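Peer 1: Handing you a structure now.
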Amino acid sequence: SQRPEGSPMFVRRHRNQLPANSQGRGDDWESRAHQAALYIQAIWRGCRERKSVRRIRSRHRPFGFYTHTLSLTYISEKTATEIANRTLRKQLYLLMEEPSSSPAAQAVSLVLITSIALSIVGFIVETVPEIARSAPEVLNIVEVACTVIFTAEYLTRLAVCEKGDMSRRQFLLAPLNILDLMAFLPFYVEVILHEAGLGNTPLLRAFRLVRLVRVTRVFKLGRYAAGMQLTAKALAASWQAISVLIFLLMMGAVLFSSALYYLEKLSCPMFKELTKADLIRYDQECADPFNRGVSPSFGLCCTQEGAPNDFPSIVAATWWSIVTMTSVGYGEVHPRTTLGKCVGFVVMLVGMVVIALPVAIVGQKFQDVYEGHHVEMSKSAAAARMQQPGKVWTLVPASGLVQKLEDLQLKDRQLALAVKNLSSGLCEVWEQREQLMRERRSEFERQVTVSTKLSKLLVGVDQQLNRTL
1085 SQRPEGSPMF VRRHRNQLPA NSQGRGDDWE SRAHQAALYI QAIWRGCRER
1135 KSVRRIRSRH RPFGFYTHTL SLTYISEKTA TEIANRTLRK QLYLLMEEPS
1185 SSPAAQAVSL VLITSIALSI VGFIVETVPE IARSAPEVLN IVEVACTVIF
1235 TAEYLTRLAV CEKGDMSRRQ FLLAPLNILD LMAFLPFYVE VILHEAGLGN
1285 TPLLRAFRLV RLVRVTRVFK LGRYAAGMQL TAKALAASWQ AISVLIFLLM
1335 MGAVLFSSAL YYLEKLSCPM FKELTKADLI RYDQECADPF NRGVSPSFGL
1385 CCTQEGAPND FPSIVAATWW SIVTMTSVGY GEVHPRTTLG KCVGFVVMLV
1435 GMVVIALPVA IVGQKFQDVY EGHHVEMSKS AAAARMQQPG KVWTLVPASG
1485 LVQKLEDLQL KDRQLALAVK NLSSGLCEVW EQREQLMRER RSEFERQVTV
1535 STKLSKLLVG VDQQLNRTL
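For my numbering, count along the sequence shown from 1 and bump the result up by 1084.
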C-alpha cells in the first residue's frame, strides 16, 4: 500500500523546513506527520490569495519604458494661495485670452462678440438712406461705443501679452492683431483731422475711403468662433495644394486665353480688302443685335485692329478663361466661332480636373483638423467630468525627459530632427496613456457610484421587508 502524505519519508525530506520546536521532539511517527501536515497547510492555505494579489499588481504595472505617471494630486494650501494671489497682469491675460478660465472671462468674450456684431450691423445699415436719415445719432453712438471697447481690448492685450510668452513686437506684427488695429484706427485719424480743421479738404474725403477697413472687424469673430479657427487651420495646412491650384489656374488662363484670342481672330475679315460700302454694311450688320456679333456677309465682328469685339486682347480673354475653368460661366462674353467653342469645351474639362484634385486635398486636411479638434474637446470634457474639489489630474514627469530633449541645442540638423521626432513621439504616447488612465479612473468611479446606489437600494428593500413582516 502507498504511504500517506505525512509518512516518515516525506517528513525527513522536508525536515529542514519544519519549525524548530517540531524538530526537537521524539521520533514518534504520528507527531512528526501531524506537524508536517500543519506546516504544509500553512504554506498552501494562502497560495490562491497571493496569486490573485500578484495578478492584480501585474495588471496595473505599465508596460515598456516610461518617465512619468498620471496621478491625482492634491493642491496644497501654498499652491492654492499662489493661485488665488495671481498677479493682476496674469489675471488680465486669462481674462482676455482664455474665455474658459473663469465666468468673468466668458462675460468679457460675450461683450466683445456683441460689440463686433453691433459694429458690423451699424457699418451695413448706415449705407441705407432711410435708416441713416432717421437715426444718425444712434449709429454714431454705436460706432463710438464699439470703437472704445475695441481700443480698450487691444491696449489691454498689448499690456499683458508677455504673460503669454509673446513679446510686444511679436504681438504688434501678428496678422490678427494688425486687423484689430485697423478696425479702430481710422476712427481716431478722422477725429484728429476734423479737430485740425481739415474737415472739408480732399485729404479727409480721400481718407474716408480708408474707413472701408472697418469691415475687417468680422475677422475678430475668428478668435471666438471655433468654425473659423478650424477653417483657418485647414487652409494653413493646405497651403501647398492651394498654391498648386493657383499656379495651374494661372497657367491655364494664359494658355487658353491666348489660344482663344488667336483662333477667334482668324475669323475676322480683311478690312483692307473691303470697300467703303462693304465697311458701312459690315458696321450695320454688327450693330444689329439679331446677328449676335457675327456679320452674315463678312463673318465675325471685330475691331479696326482686327481683333474680336468680345476679346480685343489676351488680357480681356483671360477673364473668360478663368470663369470658365472655375465652372462659373457668367455668359456675358463667349466664343462665336466653331474653333473658339472647341477651345471652350477643352477649358471646361481641364477646369474640372484641375480644381477637383487640390480641393480633395483641402477637404482631407479639414477632416484631419476637425478630428484633432474633436479629440481635444473629448479630452477636455473627460477632464471636466473628473474634476474633484481640491484635486487636479496632472502628468508628473519623474525625469523631465521631454523638456530636456527640447532644450538641447544641436548643430547637426538630422540629429536635431530625430530628437524632435523622439520628443513628439513620447508626448503622443504619454497623452494616450493619460487618456487611458482617465478612462479607467472614470469607469472605476462610475462602478463605485453604481455599487453605492445598489447597496442603498438593497438596504431600503430589506428595511421595507422587515417593516412589512
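Yeah, the Cβ is synthetic: ideal placement off N, Cα and C, and Gly gets one too. Here the structure is a predicted model, which is why all the values come from computation and not from measurement.
Alpha helix (DSSP H) containing residue 1260: first to last residue?
Peer 2: Taking the sequence shown and counting its residues from 1, the one referred to as residue 1260 is at position 176. Element bounds for residue 1260: 1259-1279.
Peer 1: On the criterion of 16 or more Cβ atoms from any shown chain inside 10 Å, does residue 1101 qualify as buried, or is it exposed?
Peer 2: Here residue 1101 is taken as the residue at index 17 of the sequence shown, counted from 1. Caution is warranted here: a pLDDT of 46 is assigned to residue 1101, below 50, making its placement in the model unreliable, and no coordinate value can be reported.
Peer 1: From this set, 1382, 1319, 1334, 1494, which residue's C-alpha is nearest residue 1357's C-alpha?
Peer 2: Residue numbering aside, residue 1357 sits at position 273 when the sequence shown is read from its first letter. Of 1382, 1319, 1334, 1494, the residue nearest in Cα terms is 1382.
Peer 1: Taking the beta carbon of residue 1366 as the centre, do at least 16 other beta carbons fall within 10 Å, making it buried, or is it exposed?
Peer 2: Working through the sequence shown from its first residue, we reach residue 1366 at position 282. Looking at its Cβ environment, which holds 16 or more other Cβ atoms inside 10 Å, residue 1366 is buried.
Peer 1: Just to confirm, are residue 1304 and residue 1267 a CB contact at a threshold of 8 Å?
Peer 2: Here residue 1304 corresponds to residue number 220 of the sequence shown, with the count starting at 1. Here residue 1267 corresponds to residue number 183 of the sequence shown, with the count starting at 1. Cβ distance < 8 Å, so residue 1304 and residue 1267 count as in contact.
Peer 1: Enumerate, from N- to C-terminal direction, the unbroken beta strand (DSSP E) stretches of 3 or more residues contained entirely within the region 1297-1353.
Peer 2: The qualifying runs do not exist here; there are none.
Peer 1: Quick one: grab the DSSP three-state call for residue 1383.
Peer 2: What you label residue 1383 is simply residue 299 of the sequence shown in a count that begins at 1. It is a strand residue.
Peer 1: From residue 1364 to residue 1217, what does the alpha carbon distance come to, in whole angstroms?
Peer 2: As a first step, residue 1364 must be located in the sequence shown, where it is residue number 280. As a first step, residue 1217 must be located in the sequence shown, where it is residue number 133. Distance between the alpha carbons of residue 1364 and residue 1217: 54 Å.
Peer 1: With 16 as the cutoff for other CB atoms within 10 Å, does residue 1551 come out buried or exposed?
Peer 2: Taking the sequence shown and counting its residues from 1, the one referred to as residue 1551 is at position 467. Counting Cβ neighbours within 10 Å, residue 1551 comes out exposed, since fewer than 16 surround it.
Peer 1: Looking only at its own chain, which residues have a Cβ that is under 6 Å from the Cβ of residue 1404, when we skip the five neighbours before and after it?
Peer 2: For the purposes of this step, residue 1404 is taken as residue 320 along the sequence shown, with counting starting at 1. Excluding residues within five positions, the ones whose Cβ falls inside 6 Å are 1417.
Peer 1: Residue range of the alpha helix (DSSP H) that residue 1190 falls in?
Peer 2: Along the sequence shown, read from residue 1 onward, the residue named residue 1190 stands at position 106. Start and end: 1187-1209.
Peer 1: Apply the 10 Å Cβ neighbour rule to residue 1429 and answer buried if 16 or more other Cβ atoms are within range, or exposed otherwise.
Peer 2: Taking the sequence shown and counting its residues from 1, one reaches residue 1429 at position 345. With fewer than 16 other Cβ atoms within 10 Å, it is exposed.
Peer 1: Please list, in chain order, all residues of the same chain as residue 1328 whose beta carbon is under 8 Å from its beta carbon, the five residues on each side excluded.
Peer 2: Numbered from its first residue, the sequence shown carries residue 1328 at position 244. These residues qualify, in order along the chain: 1442.
Peer 1: For residue 1199 and residue 1234, which I take to be in contact (beta-carbon distance under 8 Å), what is that distance rounded to the nearest angstrom?
Peer 2: On the sequence shown, position 115 is the one that residue 1199 refers to. On the sequence shown, position 150 is the one that residue 1234 refers to. That belief holds up - the Cβ atoms of residue 1199 and residue 1234 are roughly 7 Å apart, short of 8 Å.
Peer 1: Rounding to the nearest angstrom, what Cα-Cα distance links residue 1548 and residue 1183 in this structure?
Peer 2: Numbered from 1 along the sequence shown, position 464 holds the residue referred to as residue 1548. Numbered from 1 along the sequence shown, position 99 holds the residue referred to as residue 1183. Going by the C-alpha atoms only, they are around 51 Å apart.
Peer 1: Quick one: is residue 1116 buried, meaning 16 or more other Cβ sit within 10 Å of its Cβ, or exposed?
Peer 2: Along the sequence shown, one-based indexing puts residue 1116 at 32. Answer is buried; the Cβ neighbour count reaches 16.
Peer 1: Specify the secondary structure class of residue 1419 as computed by DSSP and reduced to three states.
Peer 2: What you label residue 1419 is simply residue 335 of the sequence shown in a count that begins at 1. Here residue 1419 sits in coil by DSSP.
Peer 1: Leaving out five residues before and five after residue 1261 in sequence, what residues of the same chain have Cβ atoms less than 7 Å from its Cβ?
Peer 2: Taking the first residue of the sequence shown as 1, we reach residue 1261 at position 177. So the qualifying residues of the chain are 1255.
Peer 1: Nearest-angstrom Cα distance between residue 1220 and residue 1212?
Peer 2: The sequence position of residue 1220 within the sequence shown is 136, counting from 1. The sequence position of residue 1212 within the sequence shown is 128, counting from 1. Straight-line Cα distance between these residues: approximately 11 Å.
Peer 1: Taking only the alpha-carbon atoms, compute the straight-line gap between residue 1238 and residue 1264 and give it to the nearest angstrom.
Peer 2: Counted from its first residue, the sequence shown places residue 1238 at position 154. Counted from its first residue, the sequence shown places residue 1264 at position 180. Going from the Cα of residue 1238 to the Cα of residue 1264 covers about 7 Å.
Peer 1: Helix, strand or coil, according to DSSP, for residue 1442 in the structure here?
Peer 2: Mapped onto the sequence shown, residue 1442 falls at position 358. Correct three-state label for residue 1442: helix.
Peer 1: Reducing DSSP to helix, strand and coil, say where residue 1392 ends up.
Peer 2: For the purposes of this step, residue 1392 is identified with residue 308 of the sequence shown, where counting begins at 1. Residue 1392 falls in the strand class under three-state DSSP.
Peer 1: Are there 16 or more other CB atoms within 10 angstroms of the CB of residue 1553, so buried, or fewer, so exposed?
Peer 2: Position 469 of the sequence shown, counted from the first residue, corresponds to residue 1553. By the 10 Å Cβ count, residue 1553 comes out exposed.
Peer 1: Can you tell me which of 1207, 1181, 1325 puts its alpha carbon nearest to the alpha carbon of residue 1231?
Peer 2: On the sequence shown, residue 1231 is found 147 positions in, with the first residue counted as 1. Closest by alpha carbon: 1207.
Peer 1: Could you have a look at residue 1212 and say whether DSSP puts it in helix, strand or coil?
Peer 2: Against the sequence shown, residue 1212 aligns to sequence position 128. If DSSP states are grouped into helix, strand and coil, residue 1212 belongs with coil.
Peer 1: Secondary structure at residue 1412, three-state DSSP: helix, strand or coil?
Peer 2: For the purposes of this step, residue 1412 is identified with residue 328 of the sequence shown, where counting begins at 1. In the structure shown, residue 1412 sits in coil (DSSP, three-state: anything other than H, G, I, E or B).
Peer 1: Cα separation between residue 1313 and residue 1454?
Peer 2: Here residue 1313 is taken as the residue at index 229 of the sequence shown, counted from 1. Here residue 1454 is taken as the residue at index 370 of the sequence shown, counted from 1. Answer to the nearest angstrom: the Cα atoms are 10 Å apart.
Peer 1: Can you grab the Cα-Cα spacing for the pair residue 1556 / residue 1272, in whole Å?
Peer 2: Missing from the structure shown is residue 1556; the chain here goes from 1085 to 1553 and no further.
Peer 1: Helix, strand or coil for residue 1244, going by three-state DSSP, please let me know.
Peer 2: In the sequence shown, counting from the first residue as 1, residue 1244 sits at position 160. Looking at residue 1244 - three-state DSSP - the assignment turns out to be coil, as it is neither helix nor strand.
Peer 1: Taking residue 1485 as part of the alpha helix (DSSP H), name the residues at either end of that continuous run.
Peer 2: Indexing the sequence shown from 1 puts residue 1485 at position 401. Where residue 1485 is concerned, the enclosing alpha helix (DSSP H) stretches over 1485-1491.
Peer 1: Could you name the residues of the same chain whose beta carbon sits closer than 7 Å to that of residue 1247, not counting the 5 residues immediately before and after it, in chain order?
Peer 2: In the sequence shown, residue 1247 corresponds to position 163, counting from 1. Hits under 7 Å: 1173, 1174, 1177.
Peer 1: Would you give the residue range spanned by the alpha helix (DSSP H) that residue 1219 belongs to?
Peer 2: Reading the sequence shown from its first residue, position 135 is the one you call residue 1219. Residue 1219 -> no alpha helix (DSSP H), and no H or E assigned at all.
Peer 1: Measure the C-alpha to C-alpha separation of residue 1500 and residue 1508 and round it to an integer number of angstroms.
Peer 2: On the sequence shown, position 416 is the one that residue 1500 refers to. On the sequence shown, position 424 is the one that residue 1508 refers to. So the alpha carbons of these two residues sit roughly 12 Å apart.
Peer 1: Sort out for me which residues DSSP pairs residue 1378 with in a bridge.
Peer 2: Here residue 1378 refers to the residue found at position 294 of the sequence shown. 1384, per the DSSP bridge assignment.
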